[in-house]
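Undergrad:
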Amino acid sequence: NAGVMQNPRHLVRRRGQEARLRCSPMKGHSHVYWYRQLPEEGLKFMVYLQKENIIDESGMPKERFSAEFPKEGPSILRIQQVVRGDSAAYFCASSTTGQGGYGYTFGSGTRLTVV
Amino acid sequence: AQSVTQPDIHITVSEGASLELRCNYSYGATPYLFWYVQSPGQGLQLLLKYFSGDTLVQGIKGFEAEFKRSQSSFNLRKPSVHWSDAAEYFCAVLKAAGNKLTFGGGTRVLVKP
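So the sequences go chain by chain: C and V.
Oh and the first sequence: position 46 is 81 in the working numbering, straight run, nothing missing.
Oh and the second sequence: position 26 is 27 in the working numbering, straight run, nothing missing.
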């Protein structure tokens, strides 16, 4: 039973390009959460999704960031026109229920570097 | 809004010595409490969690944590550290029945031979 799979592990983008980060939840998990970890900081919640629905996007920057979790396929975190300040580790977690404490499983993250 | 404070940014401990990592939270009610460990370049692994009941919680890798309501604390301990315990440790809280974790800033643990 594979865990939460994130790819790519490392992503380098030039300023102004788009970054697409993918997250495949654990088998049987239908709830996905994205967190961002800036250098030397803890993780900050970004968005919570269920299949085809955004439930809570209170942590998402208002511009350039979007997330989806389609009926088929992985969840995607998309960052348009990246800037240096977007350089961070982006972690995805999944759970079986919307009550995250009962079984959050984190992926290994995608480390985005903007040059 | 809830918040989590880990007062120690770095801790250096000798192999075999005991370790205690501090965590204080601010929240109106008792939240769910967690400790995660992150090895360099890796994701987060859950060490232990507290929801209710016995305030001393046992976790994996020989770690334990004690919830103290009066001090709003959830400190993590290990009696004897191993070199493999060198990592960053994060305390986190979750509002009961909530869906998003609030993390502390982390404590980086270095283990001396």
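In this text, a Cβ means the ideal position worked out from N, Cα and C, and glycines have one as well.
1) Here's the rule I'm using: 16 or more other beta-carbon atoms within 10 Å means buried, otherwise exposed. How should L147(C) be labelled?
2) If contacts are defined as beta-carbon pairs under 8 Å, then F75(V) and L34(V) qualify, I think. What distance do you get, rounded to the angstrom?
3) Helix or strand or just coil, what does DSSP make of D9(V)?
4) Using a Cβ cut-off of 7 Å (strictly closer), state whether G51(C) contacts chain V.
5) Just to confirm my understanding: we take E67(V), look at its own chain, exclude 5 residues before and 5 after, and list those with CB closer than 7 Å. What are they?
6) Do V38(V) and V82(V) come within 7 Å of each other at the CB atom, strictly closer than that value?
7) Would you mind stating whether A128(C) and Y68(C) have Cβ atoms separated by less than 7 Å?
8) For Y51(V), list the residues DSSP reports as bridge partners.
9) Apply the 10 Å Cβ neighbour rule to I112(C) and answer buried if 16 or more other Cβ atoms are within range, or exposed otherwise.
TA: Quick look at the numbers:
1) Result: buried.
2) With 8 Å as the limit, F75(V) and L34(V) qualify as a contact, their Cβ atoms being about 4 Å apart.
3) D9(V): coil per DSSP, three-state reduction.
4) For G51(C), the answer is no, since every Cβ of chain V falls outside 7 Å of its Cβ.
5) Excluding residues within five positions, the ones whose Cβ falls inside 7 Å are T56, L57, N76.
6) The answer is no: Cβ separation not under 7 Å.
7) The Cβ atoms of A128(C) and Y68(C) sit closer than 7 Å to each other.
8) Looking at the DSSP output, Y51(V) sits in a beta bridge with L34(V).
9) Looking at the sequence itself, residue 112(C) is Leu, so the reference to Ile does not match. In summary, L112(C) is buried, with 16 or more beta-carbon neighbours lying within 10 Å of its beta-carbon over all protein chains present.
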